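Listed in order, the protein sequences are those of chains A and D.
The numbering used here applies: residue 8 is where the first sequence begins, and numbers increase by one.
The numbering used here applies: residue 8 is where the second sequence begins, and numbers increase by one.
Everything on this sheet refers to the single structure shown next.
Number of protein chains: 2
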Amino acid sequence: MESAFAVIAEPNRRAILSMLSSSERSVGELMHELRLPQPSVSKHLKVLREGGFVESRVEAQRRVYRLNPKPLREVDAWLEPFRRFWSKHVDALEEHLDRMEKEKASSVKGRKRHD
Amino acid sequence: MESAFAVIAEPNRRAILSMLSSSERSVGELMHELRLPQPSVSKHLKVLREGGFVESRVEAQRRVYRLNPKPLREVDAWLEPFRRFWSKHVDALEEHLDRMEKEKASSVKGRKRHD
DNA sequence: CAGGCATATGCCCAGATGGGTATATACGTC
DNA sequence: GACGTATATACCCATCTGGGCATATGCCTG
Numbered sequence: 008m009e010s011a012f013a014v015i016a017e018p019n020r021r022a023i024l025s026m027l028s029s030s031e032r033s034v035g036e037l038m039h040e041l042r043l044p045q046p047s048v049s050k051h052l053k054v055l056r057e058g059g060f061v062e063s064r065v066e067a068q069r070r071v072y073r074l075n076p077k078p079l080r081e082v083d084a085w086l087e088p089f090r091r092f093w094s095k096h097v098d099a100l101e102e103h104l105d106r107m108e109k110e111k112a113s114s115v116k117g118r119k120r121h122d
Numbered sequence: 008m009e010s011a012f013a014v015i016a017e018p019n020r021r022a023i024l025s026m027l028s029s030s031e032r033s034v035g036e037l038m039h040e041l042r043l044p045q046p047s048v049s050k051h052l053k054v055l056r057e058g059g060f061v062e063s064r065v066e067a068q069r070r071v072y073r074l075n076p077k078p079l080r081e082v083d084a085w086l087e088p089f090r091r092f093w094s095k096h097v098d099a100l101e102e103h104l105d106r107m108e109k110e111k112a113s114s115v116k117g118r119k120r121h122d
């Protein structure tokens with residue numbers, strides 16, 4: 008599995024991560040709450056493990072999985088350059104005014120714009 | 008393409024989005040900067056378009072693509088519950104208590120092990 | 001040590017997907 | 001309207017991946 012993005016592309020894996028964000032769980036608990044066959048859960052957990060999203064602890068016959076946030080921080084970091092767009096639509100007015108001003112300025116003296 | 012997550016699972020598509028985050032580009036510009044064959048760029052753009060990540064504007068024979076941040080906000084929103092893990096110091100206590108509780112419960116009946 | 005529970009793994013299959021190539025469509029120019 | 005440019009699409013193929021099933025492994029109890 009290439010990247011953290013590919014790992015969280017799978018809906019069941021996202022569900023597992025969401026569950027683990029509230030508290031750690033055993034495979035059986037995940038299996039029951041997600042209503043997935045056990046091999047399926049184990050396979051997804053393997054992908055998550057190898058991607059560094061989860062870690063496991065042995066407790067008798069059970070494996071208890073807990074979240075490791077590191078790979079998700081990578082995703083979060085990748086989003087950073089896009090955050091300036093979050094408020095862009097809200098601030099459409101401001102952007103419009105900003106553009107108006109630029110055009111006004113350039114129409115006076117023929118200044119050029121850079122983009 | 009199912010979800011926004013599946014769309015950004017592809018490295019070239021993330022590259023396109025990153026490029027568009029700085030400024031809009033034509034297909035030819037993306038093609039040149041990413042060194043990808045044109046059909047490949049067009050196909051990725053189609054996925055991005057249908058996923059709502061980009062919008063296009065016709066300019067003579069060219070199609071100029073610009074970013075639409077909405078689907079990325081979904082991804083950002085999904086990350087929200089995990090952000091409390093970002094600052095490990097703050098939540099270390101809670102996690103510790105959580106673990107203590109489980110150990111107490113299991114130590115009553117049998118042996119315990121951790122790693 | 002047998003037997004049962006919890007989890008992991010191996011195998012096969014069907015569907016999805018990205019790459020590559022060829023072709024279609026759209027537009028602008030002469 | 002012929003031609004070149006810019007982009008989209010159709011087609012084929014190799015690969016990957018998740019689902020389902022069977023089975024292996026590990027641990028605990030009697």
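Heads up, the beta-carbon is just placed ideally off N, CA and C, and yes, glycines get one too.
Owing to the predicted nature of the structure, the values given are computational and were not obtained by experimental measurement.
Would you list, in chain order, the members of the stretch 57-68 of chain D that have their beta-carbon closer than 7 Å to a beta-carbon of chain A? none
At the 7 Å Cβ level, is L86(A) part of the contact set with chain D, yes or no? For this step, residue 86(A) is matched to residue 79 along the first sequence. Yes, contact with chain D.
In chain order, what residues of the same chain have a beta carbon less than 6 Å from the beta carbon of R64(D), not counting five sequence neighbours either side? Counted from its first residue, the second sequence places residue 64(D) at position 57. V71, listed in sequence order.
Going along the chain, which residues of the stretch 22-42 of chain D sit with their C-beta nearer than 9 Å to a C-beta in chain A? So the list reads L24, S25, S28, S29, S30 and E31, given in the order they occur along the chain.
Note down, in chain order, all residues in the stretch 69-81 of chain D with a beta-carbon under 8 Å from any beta-carbon belonging to chain A. L74, P76, L79 and R80
Quick check: the Cα distance between A16(D) and M38(D), rounded to an integer number of angstroms? Residue numbering aside, residue 16(D) sits at position 9 when the second sequence is read from its first letter. Residue numbering aside, residue 38(D) sits at position 31 when the second sequence is read from its first letter. Just so you know, the alpha carbons of A16(D) and M38(D) end up roughly 19 Å apart.
Determine, using beta-carbon pairs with one atom in the stretch 85-93 of chain D and one in the stretch 76-91 of chain A, whether at least three such pairs fall under 8 Å. yes
What three-state label does DSSP hand E66(D) in the structure shown? The residue given as residue 66(D) occupies position 59 in the second sequence. Here E66(D) sits in strand by DSSP.
Taking buried to mean at least 16 other C-beta atoms within 10 Å of its own C-beta, is A11(D) buried or exposed? As a position in the second sequence, residue 11(D) is number 4, starting the count at 1. So A11(D) ends up on the buried side.
C-alpha distance - L43(A) paired with W93(D), whole-angstrom precision: For the purposes of this step, residue 43(A) is taken as the residue at position 36 of the first sequence. For the purposes of this step, residue 93(D) is taken as the residue at position 86 of the second sequence. In a straight line, the C-alpha of L43(A) is about 29 Å away from that of W93(D).
Is the Cβ of A16(D) closer than 7 Å to any Cβ of chain A? Taking the first residue of the second sequence as 1, we reach residue 16(D) at position 9. Yes, A16(D) counts as interfacial toward chain A.
Per-residue burial, R20(D) [other beta carbons within 10 Å of its own, 16 or more giving buried]: Numbered from its first residue, the second sequence carries residue 20(D) at position 13. Flag for R20(D) reads buried.
In chain A, which residues lie with their C-beta within 8 Å of the C-beta of S10(D)? Along the second sequence, read from residue 1 onward, the residue named residue 10(D) stands at position 3. Those are A16 and P18, listed as they occur along chain A.
Using the C-alpha atoms, what's the distance from Q68(D) back to L52(D)? The residue labelled residue 52(D) in the question sits at position 45 within the second sequence. The residue labelled residue 68(D) in the question sits at position 61 within the second sequence. Approximately 16 Å, taken between the alpha carbons.
Measuring only the C-alpha atoms, how far is S29(D) from L41(D)? Here the question's residue 29(D) lines up with position 22 in the second sequence. Here the question's residue 41(D) lines up with position 34 in the second sequence. Going from the Cα of S29(D) to the Cα of L41(D) covers about 15 Å.
Simplified DSSP assignment, three categories, for L37(A): The residue given as residue 37(A) occupies position 30 in the first sequence. Here L37(A) sits in helix by DSSP.
Within this structure, are the beta carbons of R73(D) and E31(D) separated by less than 7 Å? Residue mapping note: residue 73(D) aligns to position 66 of the second sequence, counting from 1. Residue mapping note: residue 31(D) aligns to position 24 of the second sequence, counting from 1. For R73(D) and E31(D), yes; Cβs fall inside 7 Å.
Along the alpha helix (DSSP H) that carries L55(A), what are the first and last residues, could you check? Translated into the one-based positions of the first sequence, residue 55(A) becomes position 48. Taken as a continuous stretch (DSSP letters only), the alpha helix (DSSP H) holding L55(A) covers Q45 to E57.
For A13(A), would you say it is in contact with chain D, using Cβ-to-Cβ distances shorter than 7 Å as the test? Translated into the one-based positions of the first sequence, residue 13(A) becomes position 6. At least one chain D Cβ lies under 7 Å of A13(A).
From this set, S49(D), Q45(D), P78(D) and S47(D), which residue's C-alpha is nearest G59(D)'s C-alpha? Residue 59(D) sits at position 52 when you count from the first residue of the second sequence. The residue with the shortest Cα to Cα distance from G59(D) is P78(D).
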